[in-house]
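> Keeping their order, the protein sequence lines are chains A and G. Per the numbering used here, the very first residue in the first sequence carries number 1; after that it's consecutive. Per the numbering used here, the very first residue in the second sequence carries number 257; after that it's consecutive.
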Amino acid sequence: MTQSAEKIVFRKPESVIDRATHYCPGCHHGVAHRLVGEVLDELGLAENAILIASIGCSVFLYNYLNVDSVEAPHGRAPAVATGVKRARPDKFVFTYQGDGDLASIGMAEIIHAANRGEKVCVVFVNNTVYGMTGGQMAPTTLLGQVTTTSPAGRCMTHEGAPIKMTEIIASLGGTAFAARAALNNVKNIKTAKKYIKKAFEFQLSNTGFGFVELLSACPTNWKMTPVKANERIETEMIPYFPLGVFKDVSDEGGVC
Amino acid sequence: MSRIVVQEDRCKGCLLCTTVCPVGIIVQSDRFNVSGYKVAEVCEADADKCTGCASCAQICPDVAITVYKTPKKKKGE
Numbered sequence: 001m002t003q004s005a006e007k008i009v010f011r012k013p014e015s016v017i018d019r020a021t022h023y024c025p026g027c028h029h030g031v032a033h034r035l036v037g038e039v040l041d042e043l044g045l046a047e048n049a050i051l052i053a054s055i056g057c058s059v060f061l062y063n064y065l066n067v068d069s070v071e072a073p074h075g076r077a078p079a080v081a082t083g084v085k086r087a088r089p090d091k092f093v094f095t096y097q098g099d100g101d102l103a104s105i106g107m108a109e110i111i112h113a114a115n116r117g118e119k120v121c122v123v124f125v126n127n128t129v130y131g132m133t134g135g136q137m138a139p140t141t142l143l144g145q146v147t148t149t150s151p152a153g154r155c156m157t158h159e160g161a162p163i164k165m166t167e168i169i170a171s172l173g174g175t176a177f178a179a180r181a182a183l184n185n186v187k188n189i190k191t192a193k194k195y196i197k198k199a200f201e202f203q204l205s206n207t208g209f210g211f212v213e214l215l216s217a218c219p220t221n222w223k224m225t226p227v228k229a230n231e232r233i234e235t236e237m238i239p240y241f242p243l244g245v246f247k248d249v250s251d252e253g254g255v256c
Numbered sequence: 257m258s259r260i261v262v263q264e265d266r267c268k269g270c271l272l273c274t275t276v277c278p279v280g281i282i283v284q285s286d287r288f289n290v291s292g293y294k295v296a297e298v299c300e301a302d303a304d305k306c307t308g309c310a311s312c313a314q315i316c317p318d319v320a321i322t323v324y325k326t327p328k329k330k331k332g333e
């Protein structure tokens, strides 16, 4: 060997459309899209997948992922996914939702879809704020966090504590896999991809409901630089929202 | 030798890549792209320090970085 050929070790996955996104600088939706795209490519699902897009900043997800998609009303993605999966059980069905969509208006849908053990997957992007509408308080907003609707900071006695969705989903009978990862550094991003892949594989084996929460930054509504916002995930979010796998039925012998 | 290529029209100048580079060679340039963001770049003087670890590409929210790696040649070639 006199000359070694140059190899591409990282490039945009095929399932992610080559197009500029509308997200703000430093927004972690882009990382989450890429991870989903990479997993779809690795499992060879792109041709067979149906994405249920939600409302929020990720509303234009169907423009960025090269899969068939249905746009669901606010919070109703798990209900639409239920219908799609039951009508077409041969298809791979997943939703992609933010915390304003999934944890507030969509709370009933997500809880019951998980409890019924629908064979769908949910990618849940938690950035502790309503991003698209201008930074209002979300159910996951941390205590003391200033938003446009909690200008003095979220208060325990008035607004209650931030909801830990992964723990709730993990406690439900139909859930096959529930895990939380963060997108703030390379190690956590790699773990996040592993979790997404695992959740997707549980649907492929027809085991049950798969849920992955991704702690993400929203520099614009947190009023921080992207680098500072990234640090906030480590210093404020991860201590309240612990990372890890909360339920994995492959360790327990299946849901039914 | 390894290298990265930043797709400048996609870069939004968030600088997350600069925080994860293990050799610290990614910096913000003085150039603006069509969207008005100052893009990230690797100075020519530092280009040979790139290890091809792809950390910058992993964290880039806009998938604007492609990483190329050339396997090491044997000595004397």
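For glycine and all other residues, C-beta sits at the position ideal for the given N, C-alpha and C. It should be emphasised that the depicted structure is a prediction, and the values quoted were computed from it without experimental measurement.
Determine the closest residue to Tyr195(A) out of His112(A), Val67(A), Leu204(A) and Gly210(A), with distance taken between C-alpha atoms.
As a position in the first sequence, residue 195(A) is number 195, starting the count at 1. Among His112(A), Val67(A), Leu204(A) and Gly210(A), the Cα nearest to that of Tyr195(A) belongs to Gly210(A).
> Taking the alpha-carbon positions, what's the Ala20(A) to Phe60(A) distance?
One-based indexing of the first sequence puts residue 20(A) at position 20. One-based indexing of the first sequence puts residue 60(A) at position 60. Their Cα atoms are separated by approximately 12 Å.
> Would you report the Cα separation of Pro162(A) and Ala108(A), rounded to the nearest angstrom?
Indexing the first sequence from 1 puts residue 162(A) at position 162. Indexing the first sequence from 1 puts residue 108(A) at position 108. Looking at the two C-alpha atoms, the distance is approximately 17 Å.
> State yes or no: is the beta carbon of Asp265(G) nearer than 9 Å to at least one beta carbon in chain C?
Checking the listed chains, one finds no chain C in this structure; the protein chains it contains are A and G.
> Is the stretch 220-228 of chain A touching the stretch 123-143 of chain A in the sense that three or more CB pairs, one from each, lie closer than 8 Å?
These segments touch.
> With DSSP run on the structure shown, which of helix, strand or coil describes Val67(A)?
By 1-based counting over the first sequence, the position of residue 67(A) is 67. Three-state result, Val67(A): coil.
> So which residues of chain A does Cys270(G) contact, with C-beta pairs closer than 7 Å?
Locating residue 270(G) in the second sequence gives position 14, where the first residue counts as 1. Pro25, Gly26 and Pro226, listed in chain order.
> Can you tell which of Cys309(G), Val290(G) and Ser285(G) has the C-alpha that lies nearest to the C-alpha of Met257(G)?
Position 1 of the second sequence, counted from the first residue, corresponds to residue 257(G). The shortest Cα separation from Met257(G) among Cys309(G), Val290(G) and Ser285(G) belongs to Cys309(G).
> Please go through the same chain and pick out, in chain order, the residues whose beta-carbon is closer than 7 Å to the beta-carbon of Lys198(A), but skip the five residues on each side of it.
The residue labelled residue 198(A) in the question sits at position 198 within the first sequence. Here Lys198(A) has Phe177 as same chain residues with Cβ atoms under 7 Å from its own Cβ, once five neighbours each way along the sequence are excluded.
> What residues in its chain sit with their C-beta under 7 Å from that of Gly144(A), if we drop five residues either side in the sequence?
In the first sequence, residue 144(A) corresponds to position 144, counting from 1. Gly153 and Arg154.
> Lys325(G) bridges to which residues according to DSSP?
One-based indexing of the second sequence puts residue 325(G) at position 69. Beta-bridge pairing links Lys325(G) to Lys7(A).
> Confirm, please, whether the CB-CB distance from Pro78(A) to Cys270(G) is below 9 Å.
Residue 270(G) sits at position 14 when you count from the first residue of the second sequence. Residue 78(A) sits at position 78 when you count from the first residue of the first sequence. Their beta carbons are not under 9 Å apart, which means Cys270(G) does not touch Pro78(A) by this criterion.
> Could you pull the DSSP bridge partners for Val298(G) from this structure?
Within the second sequence, residue 298(G) is the residue found at index 42, counting from 1. DSSP output for Val298(G) lists Ile282(G) as bridge partner(s).
> Closer than 8 Å, Cβ to Cβ, to anything on chain A: give me those residues from the stretch 296-325 of chain G, in chain order.
For the stretch 296-325 of chain G, residues whose beta-carbon sits nearer than 8 Å to a beta-carbon of chain A comprise Gly308, Ala310, Ser311, Ala313, Gln314, Ile315, Cys316, Pro317, Asp318, Val319, Ile321, Thr322, Val323, Tyr324 and Lys325.
> Determine, using beta-carbon pairs with one atom in the stretch 171-191 of chain A and one in the stretch 103-119 of chain A, whether at least three such pairs fall under 8 Å.
The stretch 171-191 of chain A, when compared against the stretch 103-119 of chain A, does touch it at the 8 Å Cβ threshold.
> Leaving out five residues on either side along the sequence, give the residues of the same chain with a beta carbon under 6 Å from the beta carbon of Gly135(A).
Numbered from its first residue, the first sequence carries residue 135(A) at position 135. Counting only Cβ-Cβ distances below 6 Å, and skipping sequence neighbours, we find Val129, Thr147, Thr148 and Asn221.
> If distances are taken between C-alpha atoms only, which option among Cys121(A), Glu167(A) and Met165(A) comes closest to Ile52(A)?
Within the first sequence, the letter at position 52 stands for residue 52(A). Looking at the Cα atoms, Cys121(A) is the closest of the given residues.
> Contact check, Gly56(A) vs Gly100(A) under 8 Å by CB: the rounded distance?
Position 56 of the first sequence, counted from the start, is the residue given in the question as residue 56(A). Position 100 of the first sequence, counted from the start, is the residue given in the question as residue 100(A). The Cβ separation is near 6 Å, so the contact holds.
> Could you tell me the boundaries of the alpha helix (DSSP H) in which Glu231(A) lies?
Here the question's residue 231(A) lines up with position 231 in the first sequence. That run of the alpha helix (DSSP H) goes Pro226 to Arg232.
> Quick test of your reading: Gly37(A) and Leu65(A), contact by CB under 8 Å. State the CB separation rounded to the nearest angstrom.
The residue you call residue 37(A) lines up with position 37 of the first sequence. The residue you call residue 65(A) lines up with position 65 of the first sequence. Rounded, the Cβ-Cβ distance is 6 Å, consistent with contact.
> Leaving aside the five residues before and after Ala49(A) along the sequence, list all residues of the same chain whose C-beta is less than 8 Å from its C-beta, in chain order.
Locating residue 49(A) in the first sequence gives position 49, counting from the first residue. Taken in chain order, the residues that qualify are Leu40, Val67, Asp68, Lys91, Phe92, Val93 and Phe94.
> Determine the extent of the alpha helix (DSSP H) in which Ala199(A) is found, giving its start and end residues.
Numbered from 1 along the first sequence, position 199 holds the residue referred to as residue 199(A). It spans Val186 to Leu204 - the alpha helix (DSSP H) in which Ala199(A) sits, taken as one unbroken run.
> Quick one: grab the DSSP three-state call for Thr307(G).
Residue numbering aside, residue 307(G) sits at position 51 when the second sequence is read from its first letter. It is coil, neither helix nor strand.
> Thinking just about the alpha-carbon of each residue, which of Gly44(A), Lys85(A), Tyr62(A) and Lys12(A) is nearest to the one in Ile315(G)?
Sequence index remark: in the second sequence, residue 315(G) carries index 59 (1-based). Here the closest residue by C-alpha is Lys12(A).
> Would you say Val39(A) reaches chain G, if we count a Cβ-Cβ gap shorter than 9 Å as a contact?
By one-based count along the first sequence, residue 39(A) stands at place 39. With 9 Å as the cut-off, Val39(A) does not count as an interface residue toward chain G.
> Ignore the nearest five residues each way along the sequence and tell me which others in Pro139(A)'s own chain have a CB closer than 6 Å to its CB.
Position 139 of the first sequence, counted from the start, is the residue given in the question as residue 139(A). If you ignore the 5 residues before and after Pro139(A), its C-beta comes within less than 6 Å of the C-beta of Ala103, Ser104 and Ile163, all in its own chain and listed in chain order.
> Would a C-beta distance cut-off of 9 Å place Glu14(A) and Ala46(A) closer than the cut-off?
For the purposes of this step, residue 14(A) is identified with residue 14 of the first sequence, where counting begins at 1. For the purposes of this step, residue 46(A) is identified with residue 46 of the first sequence, where counting begins at 1. Taking 9 Å as the Cβ cut-off, Glu14(A) and Ala46(A) qualify as a contacting pair.
> Could you have a look at Met257(G) and say whether DSSP puts it in helix, strand or coil?
Position 1 of the second sequence, counting from 1, holds the residue named residue 257(G). In this structure, Met257(G) counts as coil in the three-state DSSP scheme.
> Near Cys306(G), what residues of its chain come up, given a Cβ to Cβ distance below 8 Å and the 5 sequence neighbours on each side ignored?
Along the second sequence, one-based indexing puts residue 306(G) at 50. The beta carbon of Cys306(G) sits closer than 8 Å to the beta carbons of Met257, Ser258, Arg259, Ile260, Val279, Ile281 and Val298 from its chain, once the five residues preceding and following it are set aside; these are given in chain order.
> Could you tell me the distance, in whole angstroms, from the CA atom of Asp251(A) to the CA atom of Val245(A)?
Locating residue 251(A) in the first sequence gives position 251, counting from the first residue. Locating residue 245(A) in the first sequence gives position 245, counting from the first residue. In a straight line, the C-alpha of Asp251(A) is about 11 Å away from that of Val245(A).
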